[in-house]
Amino acid sequence: MTPSYNIASIPGDGIGPEVVSAAIQVVEKLAKTLGTFQIEFTHIPWGTAYYKETGRYVSEDALDTLRKFDAGIFGAVGAPDVPDHISLWGLLLAIRGPLQLYANVRPVRTFPGTKCPLNTATEGIDWMLVRENSEGEYAGQGGRSHIGQKWEAATEVAIFTRVGIERIMRFAFETARSRPRKLLTVVTKSNSMRNGMVLWDEIATAVAKDYPDVTWDKMLVDAMTVRMVAKPQSIDTIVGTNLHMDILSDLAAALAGSIGVAPSSNLDPTRKNPSLFEPVHGSAFDITGKGIANPVATFWSAAEMLKWIGEKDAAGKLMTCVENVCASGVLTPDLGGTSNTQGVVDAVCAEIEQ
Ligand code: GGG
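Residue numbering for the sequence shown follows full-length UniProt numbering, starting at 1 and increasing by one per position.
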């Protein structure tokens with residue numbers, strides 16, 4: 001019997017619906033062409049329109065709803081007329097933390113057809129960024145006092161737990177071990193942040209003892225930005241906190257050529273909960289509705305999803321087809337091309353059929 005998968009489709013806001021629809025078209029084409037698996041996408045309408053209608057970004061039973069699926073594909077969140085902290089906490093952060101999707105994996109490499117206009121040294125890079133995705137600076141703790149007064153104060157409390165750090169550290173060492181260079185850099189800011197970041201350093205040192213085959217080093221986040229630009233070839237796998245890796249992964253994507261091709265997996269490595277796959281980019285309202293959004297980041301995220309649910313060959317085929325299409329020059333305007341989103345979809349579908 002061919003395996004069958006149920007996938008939650010959460011397009012969200014802005015260009016999210018455009019890139020998710022594009023990804024569904026190519027994955028359905030792949031399933032039909034290969035005939036080795038079946039896949040069904042169920043549309044879930046969470047996002048800003050849902051919020052305006054119901055007062056909530058996701059349904060009350062959102063976590064139970066998602067637990068019925070094998071995985072989820074997500075587009076983007078954010079709208080011009082809702083404060084970003086309301087939309088982000090209402091949707092993405094309402095899922096990642098509670099579902100314990102604690103490993104946010106963001107592969108970065110130069111993609112066929114894309115150039116590295118910022119820095120030719122980064123051509124050919126192949127990095128794996130591992131972001132702690134459930135706590136730290138995104139704990140959502142803190143508050144405001146004396147609101148509106150001269151002495152108004154606000155606190156944003158980062159919470160780092162031994163369990164949270166150790167599990168992401170082990171995940172990162174395992175990831176580094178699985179890659180040819182077996183190289184890991186642990187990023188912190190433990191010179192100035194003397195509690196949580198020092199705990200990161202201590203746990204990294206302890207966990208490293210179980211991975212003698214992995215070469216690792218520690219780096220302060222500010223120095224890491226310089227290293228990524230100046231010595232990109234010295235890097236392979238990077239692990240860091242929720243905030244640090246959110247920033248470094250945007251830098252990495254820009255150095256590799258474009259955030260339009262950068263994928264992201266929100267994983268529960270215990271597999272108790274369905275994992276969620278999304279492009280790194282946001283809702284991009286400046287191009288929403290124009291039909292020119294780059295679907296490649298969502299294609300790559302969908303390939304990561306296929307790999308995660310057990311369809312490695314299909315994932316490989318999808319990536320080969322996407323890379324061939326990009327190499328042939330069928331590109332959206334952000335990559336200097338003249339194609340639109342549907343043009344890239346059609347070209348990938350045609351390549352799948354070959
Ligand atoms: N497709 C991802 C998306 O919409 N991201 C919006 C965003 O601001 N994310 C911040 C984060 O990932 O922490």
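The beta carbon of each residue, even a glycine, is placed where N, CA and C say it ideally should be.
Residues of its chain near residue i, where Cβ-Cβ distance is below 6 Å and the 5 sequence neighbours each way are ignored
i	result
Pro232	Ala121, Thr122 and Ile125
Ser145	Ala153
Pro3	Phe37
Gly113	Cys326, Ala327 and Leu331
His244	Val187 and Val221
Asn324	Glu351
Leu318	Leu30 and Ala303
Ala315	Ala303, Leu306 and Lys307
Beta-bridge partners of residue i, as assigned by DSSP
i	result
Trp127	Val108
Leu276	Gly72 and Asn266
Phe171	None; Phe171 has no bridge partner.
Leu184	Trp216 and Thr237
residue 356	There is simply no residue 356 to check, as the chain begins at 1 and stops at 354 in what is shown.
Gly90	Gly90 pairs with nothing; no bridge assigned.
Phe41	Ile7
Spatial distance of residue i from residue j (CA atoms)
i	j	result
Gly142	Phe160	14 Å
Ser283	Leu88	11 Å
Arg177	Thr54	46 Å
Trp151	Val157	19 Å
Pro333	Gly47	26 Å
Phe285	Pro212	47 Å
Leu183	Thr205	15 Å
Leu248	Val296	20 Å
Thr338	Gln100	40 Å
Ile86	Arg56	10 Å
Leu335	Asp210	42 Å
Arg96	Asn266	7 Å
Ala230	Ser301	28 Å
Lys29	Ile352	7 Å
Val108	Val27	22 Å
Val348	Ala293	15 Å
Glu137	Met197	11 Å
Ser258	Gln149	43 Å
Asp81	Ser190	38 Å
Pro83	His281	18 Å
Close beta carbons around residue i, own chain, < 8 Å, minus the five adjacent residues each side
i	result
Leu199	Phe160, Arg162 and Ile165
Asp70	Tyr5, Asn6, Ile7, Pro274 and Ile309
Thr298	Val19, Val20, Ala22, Ala23, Ile73, Gly75, Pro263, Glu278 and Pro279
Val207	Glu166, Met169, Arg170 and Phe173
Thr270	Gln100
For residue i, the nearest candidate out of the options (CA to CA)
i	options	result
Thr36	Gln25, Lys312 and Thr114	Lys312
Gly12	Lys32, Phe41, Gln25 and Val58	Val58
Lys290	Gly16, Asn104 and Asp268	Gly16
Met219	Leu63, Ile238 and Ile203	Ile238
Met128	Phe171, Gly329 and Gly113	Phe171
residue 396	Asn133, Ala230 and Asp250	Outside the displayed range of the chain (1 to 354) lies residue 396, so it cannot be described from this structure.
Arg106	Asn242, Val348 and Asn340	Asn242
Ala79	Tyr51, Ala62, Ile352 and Val130	Tyr51
Glu135	Gln354, Gly240 and Ala223	Gly240
Ala103	Leu93, Gly343, Ala223 and Arg131	Arg131
Ala139	Ala94, Arg179 and Val344	Ala94
Ser234	Asp201, Arg181 and Lys317	Arg181
Same chain, Cβ closer than 7 Å to residue i, five either side skipped, listed in chain order
i	result
Asp217	Thr185
Leu91	Gly12, Trp46, Gly47, Tyr57, Val58 and Val77
Thr155	Gly142 and Gly143
Val226	none
Thr175	Met128, Val130 and Thr237
Thr33	Ile352 and Glu353
Local conformation of residue i per DSSP, three classes
i	result
Pro11	strand
Ile287	coil
Ala103	strand
Thr36	coil
Glu135	coil
Tyr51	helix
Met228	helix
Trp46	coil
Met197	helix
Pro206	In the sequence on display, residue 206 carries Ala and not Pro. Helix.
Pro17	helix
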